[in-house]
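My numbering applies: residue 336 is where the sequence shown begins, and numbers increase by one.
All C-beta atoms, glycine included, are put in the ideal place defined by N, C-alpha and C.
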Amino acid sequence: MSIKKSAKKALRQSKKRALRNKKIKDDLKTLIKLARRAIETKEKDKDKEAVAKATRAIDRAAQKGVIKKNNAARKKSALMKKLNALKVK
């Protein structure tokens with residue numbers, strides 16, 4: 336039994352998209368970790384910059400459909416909450 340040409344193409348596309356999404360998610364996780372570490376070290380310039388980079392990456396991932404809009408909002412909110420809690424102290 337043969338596989339149709341369109342099914343083969345769909346499989347190729349699916350693999351390519353999965354690989355692209357995995358790369359974006361991995362980069363996103365790394366940036367979020369760096370932002371959290373920067374907040375914990377309490378260095379003002381570095382933590383703001385790291386959170387800004389992470390926020391941009393989160394927005395980009397949501398825009399491309401890698402993560403959902405509400406997931407992106409939750410991640411950004413958590414980062415900002417930690418950053419603002421540091422300012423209050």
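Outcome for residue i when other beta-carbon atoms lying within 10 angstroms are tallied against a minimum of 16
i	result
Ile-438	Examination of residue 438 is not possible in this model, given that the chain is present from 336 through 424 alone.
Leu-366	buried
Ala-342	exposed
Val-423	exposed
Ile-338	exposed
Leu-363	buried
Leu-430	With the chain represented from 336 up to 424, any question about residue 430 goes unanswered, as that position is not in the structure.
Ala-353	exposed
Three-way DSSP call (helix, strand, coil) for residue i in this model
i	result
Glu-378	coil
Lys-358	helix
Lys-351	helix
Ile-402	coil
Lys-339	coil
Backbone CA spacing between residue i and residue j [nearest angstrom]
i	j	result
Asp-361	Arg-355	10 angstroms
Gly-400	Ile-359	11 angstroms
Lys-340	Ser-349	14 angstroms
Arg-372	Ala-345	40 angstroms
Glu-384	Lys-416	15 angstroms
Lys-357	Lys-368	17 angstroms
Lys-379	Gln-398	29 angstroms
Thr-376	Asp-394	25 angstroms
Touch test, the segment 383-391 against the segment 404-414, Cβ-Cβ under 8 angstroms, three pairs minimum | Yes, the segment 383-391 touches the segment 404-414.
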